[in-house]
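If you're matching them up, the sequences are chains A and B in order. Going from the first sequence to my numbering is simple: count from 1 and add 7. Going from the second sequence to my numbering is simple: count from 1 and add 548. Here the structure comes first, spelled out in structure tokens, and everything after it is commentary.
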Amino acid sequence: MVMLTVGINRIRTLFKEDIYKCQGGTGTTTVINSDTGLETADSNTLLTPTIITTDKSIQVTHTIASTIGEGESYSEQETQLNSGDTSANRIVHHPLTKGANDEFVYITNFYFDSV
Amino acid sequence: MTNIFELNQSTKDNLGTPDDTKNTILVAILPEYCHIEEGPTLLYRNTIGSSFVLGHATNAILGTTELGQAGDYVSDIRERVINPKNTFHEHFRFTTFNDSGVTTGTFDTTDYNVQLDINELFQTQEIFMNEESIYYVTPYVDLNGGSTTFIIDGTSKSVSIIEGKTQNV
């Protein structure tokens, strides 16, 4: 008895269809599983991502245009599910200041599998 | 004549419950797990230069900025790679971290591997660009004869990988 690839891909698709938006922020606290979202979200960066689907995986691309967040020092980012009620993940990185001519692009991969 | 030492030994061996651990069958519990793995996140920057961008404070003025994508637009300036649990795991589903300018092997997103013929190369883009320390790297190499060399750029570390051998850097 095994999980079938088509079954795993169905879970992947349900996850993908539940993705709402991505958002950046300026919080710097270390990520833990009990986090419920960003520490200090910047609502200007709450944007619809583009999503690429392949076998048992998806790639989520969140682009923050040059007209958004000039001078902000971004250090966290999330992918939201369920109309924004739930954060699927939160990443924290070394801060990066966004200049007036900068576009920021986050690319996150999610993999689905059975072992 | 009875050897008193052998007699005592025999008495001791027969006391208590016999040792039957060799008859115990250990049943391993092997459930099947279905999991979601959060992969690496790449943060890169594009700098628009003098490109015309509607809504931009200084780059949306007709006559002073170049319509469309200007010649000084620079894309894909990699700034951060954030790895969950400080672990980079390449699944070969996406070419995000393949350095296509150097790799001469076949990065195969159908069979999820990189195929190298003799003298072909595979090089990743930066896979650690944050504040983490790198403790170990585990490449899985399926060799069909011969050997290959694994090199960590920016260090003096390298190891020749030979079929059938496990080697540490």
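We treat Cβ as the ideally placed atom computed from N, Cα and C, and that holds for glycine. These numbers come from a predicted model, not from an experiment.
Taking the C-alpha atoms as reference points, what is the distance between residue i and residue j?
i	j	result
Val67/A	Asp568/B	57 Å
Thr93/A	Gln87/A	6 Å
Leu578/B	Thr12/A	19 Å
Gln673/B	Asp659/B	20 Å
Tyr688/B	Phe640/B	12 Å
Tyr592/B	Ile58/A	17 Å
Val707/B	Phe642/B	26 Å
Thr657/B	Ser704/B	31 Å
Ile709/B	Thr697/B	6 Å
Leu590/B	His583/B	22 Å
By Cβ distance, which residues of its chain are closer than 7 Å to residue i, with the 5 residues on each side in sequence left out?
i	result
Thr634/B	Per the sequence shown, residue 634/B should be read as Asn rather than Thr. Taken in chain order, the residues that qualify are Glu680.
Thr652/B	Glu668 and Leu669
Phe600/B	Asn607, Ala608, Thr613, Glu614, Leu615 and Gly616
Asn123/A	Any property of residue 123/A remains undetermined from this structure, which presents chain A solely from 8 to 122.
Asp109/A	Ser73
Thr55/A	Lys28
Can you name, in chain order, every residue of its own chain whose Cβ lies under 8 Å from the Cβ of residue i, other than the five neighbours on each side?
i	result
Thr35/A	Glu46, Ser82, Glu83, Val99 and Pro102
Can you look up residue i in the DSSP assignment and give me helix, strand or coil?
i	result
Val629/B	strand
Leu591/B	strand
Gly649/B	coil
Glu586/B	strand
Asn116/A	strand
Leu574/B	coil
Thr20/A	helix
Ile596/B	coil
Asp109/A	strand
Asn634/B	helix
Thr12/A	helix
Asp665/B	coil
Looking only at its own chain, which residues have a Cβ that is under 6 Å from the Cβ of residue i, when we skip the five neighbours before and after it?
i	result
Gln671/B	Asp647, Val650 and Thr651
Asn594/B	Ser623
Ile114/A	Thr68
Quiz prompt | Any beta strand (DSSP E) of 3 or more consecutive residues that is wholly inside the stretch 52 to 102 of chain A | solution = The stretch 52 to 102 of chain A contains these whole beta strand (DSSP E) runs: 57 to 61, 64 to 71 and 80 to 88.
Exercise. At 3 residues or longer, and completely inside the stretch 684 to 713 of chain B: list those beta strand (DSSP E) runs for me, N to C.
Key: With a minimum length of 3 residues, the continuous beta strand (DSSP E) runs that stay inside the stretch 684 to 713 of chain B are 695 to 699 and 706 to 710.
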